[in-house]
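For the sequence shown, the working numbering begins at 95 and goes up steadily by one. The structure appears below as structure tokens.
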Amino acid sequence: MASQPQGTGNADDREQERHVSHQDIRRRTIAHMRAKTTDLAAASMPIDPAAYTDPERFEAERRELFRKRPILAGLTGDIPNAGDKLLFDVLGPPILLIRNKAGEVNAFLNMCPHRAARLVTECNSLSRMTCRFHGWTFDLDGRLIGLPGKEGFADMERDKIGLLPVPVVEWHGMIFVRADPGGDPIDIEDWLGDMAAELRHLELEKAVPAKSGTLHTDANWKYAFDTYGESYHFATLHPTTIGSLAFSNTMTHRPHGLHTRLGFPRADFAAYANLPEEDWPHSDYGGLYMIFPNTVINVNGMQGGGPFYGVSRVFPGDEPGKSVTLMTHYRPGHADPEMPMSAWEATHDFIHAVVRDEDYSVSAEGQRNLGWAPPGFRMRFGANEAVLQKQHRQIAEILDAANEG
Ligand code: FES
Ligand SMILES: [Fe+2]
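Put into structure tokens, the structure is as follows:
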């Protein structure tokens, strides 16, 4: 199931679109900052702890959200060259992504068609894949090119034996898969809707990975993901880290179908918030690009200057109270080429540690507490936690529709 990277369009146009979009989000966050306001939903919203603890609900989410819908597997820069491979097991079925010699991304079930052994066990750039069980060998397009003891399979049509394709699409630097082996192709522009234009201007096809990390957390995937969607907790949970870099409880957002753009004012905006917009200095701040159901792209500037892209994805773990977060920080294509990669590595280390030690430690404690909540207890998302309300309503609607279907 090959997928060709899309044309990148005109880089100057993209830069201009990015500038307009980022300026708009900065303008809206600064307006809130000056007025000491924030975007508010119509009302607060009660939430049943079962959303985080119920095994049936958990299974339904894994099926409806993570196996029936496109999920970001990585960026183009994660597998830039022919033969590069990515092992992506976190959706359930083991998925193998490979860039072929034509530069397209293929995705297959990482399963040998002989007797189902795990075909690729380590990432490399070799142009052929040999199963360690009996040595069947495949090319980068999943075709069987080596069959030891072929007389044993004389009754089989060799060109019909290949790796099982998984739907995949590479779109403007983003690689999406749907964990549905043999399923229909992904219509990514339909899935992204008007979020597509927001993502195109990031020019993710030029982003280069600096550092990645994985966090295994004893909290439901939504409890962990919820921590990205509100700034209400910045001053209290992150007093010496994020709380000193951004304003607390100030948020602007815009829905793009199921997806969302949101922004929180950076502390350094205060230095010029009262000046006319023409006098504002350059900023790399673009806020958060939230792709339903589990991905957030943090578009921001590093503390020492220079832009970064942080891609965080939260996945269900093996049970309702466990999750896995994949976090990678990238150097955007428009960054100063003179800046050393160590700047992006340090940015990753900082954010990874804050999320692990501050956000997710609360998530794990809260998750444990939910196990002891008495019947009828409801958590509550404030009107100021509007993006969490949106996210949880959308998930509930999708599960309800699946139930009725
Ligand atoms: S299971 Fe792969 S060659 Fe036998
Ligand atoms: Fe946080």
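Glycine is no exception: its CB is placed at the ideal position from the N, C-alpha and C atoms.
(message) So, under 8 Å CB-CB, D235 and Q461 are touching, yes? Tell me the CB distance rounded to an integer number of Å.
(response) The Cβ separation is near 43 Å, so there is no contact.
(message) Between the alpha carbons of F475 and A145, how many angstroms are there, rounded?
(response) 13 Å
(request) Would you grab the beta carbon distance between E324 and E452 for me? Rounded to a whole angstrom, and I think it's under 8 Å. (result) Between E452 and E324 the Cβ distance is about 14 Å, and since that is not below 8 Å, they are no contact.
(message) Am I right that G267 and L298 are in contact with their C-beta atoms under 8 Å? What's the rounded C-beta distance?
(response) 3 Å
(message) Starting from T147, trace the alpha helix (DSSP H) in both directions and tell me its first and last residue.
(response) A144 to T147
(request) Leaving aside the five residues before and after S417 along the sequence, list all residues of the same chain whose C-beta is less than 7 Å from its C-beta, in chain order. (result) T311, A313, N314, W315, A318, V408, F409, P410 and G411
(request) Could you check which residue in R487, R226 and D373 has the C-alpha nearest to that of R212? (result) R226
(message) At a cut-off of 6 Å, would you count T311 as near ligand 2, judging by its Cβ distance to the nearest heavy atom?
(response) no
(request) Sort F247, G277, I255 and G381 by Cα distance to L296 and report the nearest one. (result) G381
(request) Could you spell out where the beta strand (DSSP E) holding H347 opens and where it closes? (result) T346 to H350
(message) Strictly closer than 5 Å from CB to any heavy atom of ligand 1: give me those residues in the order they appear in the chain.
(response) C206, H208, R209, A211, C225, F227, H228 and W230
(message) Given this structure, state the Cα-to-Cα distance separating G400 from P426, to the nearest angstrom.
(response) 9 Å
(message) Buried or exposed for T346, going by 16 or more other Cβ atoms inside 10 Å?
(response) buried
(request) Determine the burial state of P469: buried for a count of at least 16 other Cβ atoms within 10 Å of its Cβ, exposed for fewer. (result) exposed
(request) Would you check if the segment 430-438 and the segment 176-187 touch, i.e. whether three or more CB-CB distances between them fall below 8 Å? (result) no
(message) Alpha carbons only, please: which of F152, T321 and M139 is nearest the one belonging to P414?
(response) F152
(request) State whether the segment 272-284 contacts the segment 247-263, with contact taken as three or more CB pairs (one from each stretch) at a distance under 8 Å. (result) yes
(request) Could you tell me the distance, in whole angstroms, from the CA atom of R517 to the CA atom of A467? (result) Since the first and last residues shown for the chain are 95 and 499, residue 517 lies out of range.
(request) Measure the CB-CB distance between Q483 and A105 and report whether it falls below 7 Å. (result) no
(request) Take R193 as the anchor and find which of N175, D288 and P187 has the nearest alpha-carbon. (result) N175
(request) Starting from the C-beta of L331, find all residues in its chain whose C-beta is less than 6 Å away, skip the five residues before and the five after it, and write them out in chain order. (result) E452
(request) Give the single residue among I282, A167 and F444 whose Cα lies nearest to the Cα of P188. (result) A167
(request) Compute the Euclidean distance between the alpha carbons of R472 and D142, then round it to the nearest angstrom. (result) 5 Å
(message) Going by DSSP in three states, K195 sits in which element: helix, strand or coil?
(response) coil
(request) With a threshold of 16 other CB atoms inside 10 Å of the CB of K244, please say whether the residue is buried or exposed. (result) exposed
(message) With a threshold of 6 Å (Cβ to nearest heavy atom), would T441 be considered close to ligand 2?
(response) no
(message) Buried or exposed for R121, going by 16 or more other Cβ atoms inside 10 Å?
(response) exposed
(message) Just list the residues that DSSP pairs A201 with in beta bridges.
(response) L191
(message) Is T321 a contact residue of ligand 2, with contact defined as CB to any heavy atom under 6 Å?
(response) yes
(message) Out of D172, F386 and L241, which one is the CA nearest neighbour of C217?
(response) D172
(request) Quickly, what does DSSP pair F402 with across the bridge? List them, please. (result) N394
(request) Enumerate, from N- to C-terminal direction, the unbroken alpha helix (DSSP H) stretches of 4 or more residues contained entirely within the segment 101-139. (result) 105-129
(message) Here's the rule I'm using: 16 or more other beta-carbon atoms within 10 Å means buried, otherwise exposed. How should H376 be labelled?
(response) exposed
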